[in-house]
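Protein chains in written order, with the working numbering: chain A, 24 to 556; chain B, 9 to 474.
All C-beta atoms in this analysis are idealised placements derived from N, C-alpha and C, irrespective of residue type, glycine included.
Notes follow once the structure below has been shown.
Here's what the structure looks like:
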């Protein structure tokens, strides 16, 4: 299947911002019909590489050396007009965020047509059939009707399919896919990856796949190149790479993938949190008098239990109501019905002030480390806030001692107290968020996707930290995640949520190895796994 | 002894200056805000426009120290009580005394020696003829009319030299001080960021223009005279106080309304939001001019019926002026309120606000610590933009006759008078031009400054962090 013909070759490509080199002379070749994976963490320069190939770099960045040869053409020697005919026609690109890549005020059909008209001479009758066949190819049902739809009417996965259709419209030889599935749910990711794989086979298309997810790489790629800080550390055939990684960093990346068969034993501690038939409904209101005409049932009757010192993972795709449920336990969302018992005490009926003493016991860590801290407060103020308002420690000097100890514990320096959040990286911020939650000595921490915004190797460290803290302090964790792959070595028990209800729950081992519900099975199958045993 | 007069607007403006000083003092503790503000002053435009604004404010502050002079004692009569003149003067009048006292009888062009209108005159032989009479004050030191150009040139050169000299002293002192600081500390990266040279040249230009204007206006009406022969330059300088004050005071009225209502609407949502929204929708659907005109009429009636409270014309016009500020403020808070509500809606959904709720932080603290600091950029930008808007609004309102008291010097009143002046032939252009130039400089400086403030504070354009 793979011919030896080279489609794209990059020689000693260098990109810098001013005097600061960002891509430091990388070289690679992509052969026809091959999926070439460029792997690296955020900031490693992989997206810059793809943008330089397309000559779409922002103005502040300059290509300082190297050349890119596409077929017979040297890309950097083309004029801008010549380049325009290469872009889209010969090399096409799909982006990470399908939500923002489509124009919201034009129908899908119009946007697809635009690409075709621009690059191909095609008459009106052929155009329609071509559009329909394109949509069929990328697996959009009822293509004729969908052409008249606006982007907001489509789901995220469908939008990404449309993006792929647009990219394929002019039959390019090379497809640059910049993190095409990062913004999508696992099951959708699976479909898109399958689609890319099929297209590669049917069209003999070369794909430059940029990703940070080693699972995706293991499954898709023919050749792998690992990038770090603007350099390619290692480049190898996919099988050889995973069997025998050469570079230290590559080993770390591969090892950061949690093993799927490493489960934690379940303990039989007394229960800490008991949730029974919890319903979080949001009223739909209409008319001048704001009459309630119905409810959006975000969480519709879930029951579960978290034991002391135990981690319960709530797994589900976006929109399944898992975050809403977490916020309802924290009383950040109103509870419609059901009971929440904490250490045997009913919490759901309490008023705002009655609930206040319990705020100390239940804390939260959010998903986005950038929005979870007030950018105008120093780390000291951020951590101190809860301790002051919940009256954990009245003495300012003792508070300072506690804060210093906490920062050291989560792997930061006491000097960091007087810095501001923007001076920290995502992983460090998440550590601050953990310190903030721990400062009030809670018994339960609700972790709302705390690692999904982090790079793989950092993700491993943060999860490790949470594990250690649980062993030291005996804190219970309610871990909300969409990522099944991190569950095994993290959680004692798992509950799978879909459309506001829990479809299956049990010990991690039981759910992961012998899933009973078909949705769980689908989820497990969709996870791109390294070790597909 | 003179009798100090404290007008309400004087007290307000000095309180305001004091609170701005206090705010700056507080700012020293906050490294982030300090960095942002130094970003504003690191830009050349920001620095220059700030100094121009400062100059205007300085003039209006000088003009806000009012007093009454005692009347000269009648000869031979021993009086128990000193009687004071009913004319309220300000410190600025001392500086501008040559302008204020040198009135002509009617219009005269800038630098003119003769009146603008012909008059009947009697020559030495007793025959009556019509010609342009010599002005009483302007150029009265000249023996020959032909000397005028040389006289102006000579005096200009002297004035400019003096202006340079006056500016050179503080600039040299400041430079010396900076060098001393730079020697003391090894790292002088911080002071290098400020474009002091721009500051120096702005100060120099202002000083030269100021000296030139002051020294020449002693001998000529450099911007001419108006219908009743009073100096236009004097009027337009006195109008600076009106412009600056209406800008700051009216903005001050809008702020608490917009901030409190906007943030509580966005934060508490529900019925609070409904009430606030209905209020500002109603208010903004009534034409602002209508409300202002109606209120000004009401105030006129109040002044008429309570004449005993306003025994001085200055008191009356000051009261009317303050009322105008209040009305302008009360009718223009809706824009900022709407923006703050939207931004608060957005900010209050962010995770850090949710985290604060999870820590049981009280609403007051959440608003004070989390919401307000993160919407400050909107408030700051609105302050500077509103300022120039109100300066212009005053001109428009005075033009249609519902603005400040006709006794009060204001650019609006000057422009209003220009309605008839511009229809004369030849045109009397200097009055409206003077008002225009001074107002234009202030509004331009304020707008440029607001641009810089926006660049530094708006999270979308701010360099570096969010």
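{"Query": "Would you verify that the beta carbon of residue 367 (chain B) is, or is not, closer than 7 Å to some beta carbon of chain A?", "Result": "yes"}
{"Query": "Use the C-beta contact count for residue 57 (chain B): other C-beta atoms within 10 angstroms, 16 or more gives buried, fewer gives exposed.", "Result": "buried"}
{"Query": "Strictly below 9 Å CB to CB, what residues from chain B border residue 396 (chain A)?", "Result": "359, 360, 363"}
{"Query": "Roughly how many angstroms lie between the CA atoms of residue 197 (chain B) and residue 402 (chain A), to the nearest whole one?", "Result": "Legend: pLDDT at residue 197 (chain B) = 49, less than 50; position of this residue unreliable, no value from coordinates given."}
{"Query": "Thinking C-beta only, is residue 246 (chain B) closer than 7 Å to residue 417 (chain B)?", "Result": "yes"}
{"Query": "How many Å lie between residue 151 (chain B) and residue 236 (chain B) at the Cα?", "Result": "26 Å"}
{"Query": "According to a CB-to-CB cut-off of less than 9 Å, which residues of the stretch 381 to 401 of chain B neighbour chain A?", "Result": "381, 382, 384"}
{"Query": "Determine, using beta carbons only, whether residue 55 (chain A) and residue 229 (chain A) come nearer to each other than 7 Å.", "Result": "yes"}
{"Query": "Does residue 70 (chain B) come out as helix, strand or coil in the three-state DSSP assignment?", "Result": "helix"}
{"Query": "Using Cβ-Cβ distances below 7 Å, what residues of the stretch 39 to 50 of chain B are close to chain A?", "Result": "40"}
{"Query": "Name the chain B residues that come within less than 8 Å of residue 389 (chain A), Cβ to Cβ?", "Result": "359, 362, 363"}
{"Query": "Between which residues of its own chain and residue 31 (chain A) is the CB-CB distance below 6 Å, once the five residues before and five after are set aside?", "Result": "53, 93, 197"}
{"Query": "Is residue 304 (chain B) buried or exposed, if buried means 16 or more other CB atoms sit within 10 Å of its CB?", "Result": "buried"}
{"Query": "From the DSSP output, which residues share a beta bridge with residue 55 (chain A)?", "Result": "Partner(s): none; residue 55 (chain A) has no beta bridge."}
{"Query": "Between residue 378 (chain B) and chain A, is the shortest Cβ-Cβ distance under 7 Å, so that the two count as touching?", "Result": "yes"}
{"Query": "Contact criterion: CB-CB distance below 7 Å. Does residue 66 (chain A) meet it with respect to chain B?", "Result": "no"}
{"Query": "For residue 363 (chain A), name the three-state secondary structure that DSSP assigns.", "Result": "strand"}
{"Query": "Helix, strand or coil for residue 225 (chain B)? Go by DSSP, reduced to three states.", "Result": "helix"}
{"Query": "Can you tell me which of the three DSSP states residue 304 (chain B) falls into?", "Result": "helix"}
{"Query": "Hey, residue 347 (chain A) and residue 356 (chain A): beta-carbon distance below 7 Å or not?", "Result": "yes"}
{"Query": "If we define contact as Cβ-Cβ less than 7 Å, is residue 349 (chain A) a contact residue for chain B?", "Result": "no"}
{"Query": "The beta strand (DSSP E) with residue 337 (chain A) in it runs from where to where?", "Result": "334 to 338"}
{"Query": "Taking DSSP as the reference, what is the three-state secondary structure of residue 433 (chain B)?", "Result": "coil"}
{"Query": "Grab the span of the beta strand (DSSP E) containing residue 96 (chain B) for me, first residue to last.", "Result": "92 to 98"}
{"Query": "Does the structure place the stretch 185 to 194 of chain A close enough to the stretch 118 to 135 of chain A that three or more beta carbon pairs sit under 8 Å?", "Result": "yes"}
{"Query": "My understanding is that residue 443 (chain B) touches residue 244 (chain B), with C-beta atoms under 8 Å, so please give their C-beta distance in whole angstroms.", "Result": "6 Å"}
{"Query": "Quick one: list the residues of chain B neighbouring residue 169 (chain A), beta-carbon separation under 8 Å, in chain order.", "Result": "The premise fails here: residue 169 (chain A) is roughly 32 Å from chain B at the closest Cβ pair, so nothing lies under 8 Å."}
{"Query": "Taking the alpha-carbon positions, what's the residue 330 (chain B) to residue 410 (chain B) distance?", "Result": "13 Å"}
{"Query": "To the nearest angstrom, report how far apart residue 301 (chain A) and residue 526 (chain A) are at their CA atoms.", "Result": "14 Å"}
{"Query": "Is the separation between the beta-carbon of residue 352 (chain B) and that of residue 278 (chain B) shorter than 7 Å?", "Result": "no"}
{"Query": "On the DSSP bridge assignment, give the partners of residue 530 (chain A) in chain order.", "Result": "A:516"}
{"Query": "With the cut-off set at 7 Å, would you say residue 137 (chain B) and residue 124 (chain B) are in Cβ contact?", "Result": "no"}
{"Query": "Answer yes or no: do residue 107 (chain B) and residue 215 (chain B) have a C-beta to C-beta separation smaller than 7 Å?", "Result": "no"}
{"Query": "Anything in chain B within Cβ reach of residue 407 (chain A), meaning under 8 Å, just list it in chain order.", "Result": "Under the 8 Å cutoff, chain B gives no residues; its nearest Cβ is about 10 Å from residue 407 (chain A)."}
{"Query": "Are at least three pairs of beta-carbons, each pair with one atom in the stretch 471 to 491 of chain A and one in the stretch 306 to 319 of chain A, less than 8 Å apart?", "Result": "no"}
{"Query": "To be precise: take each residue of the stretch 400 to 427 of chain A, compare its Cβ to all Cβ atoms of chain B, and keep it if any distance is under 9 Å. Which residues remain?", "Result": "400, 401, 404, 405, 408, 409, 410, 411, 412, 413"}
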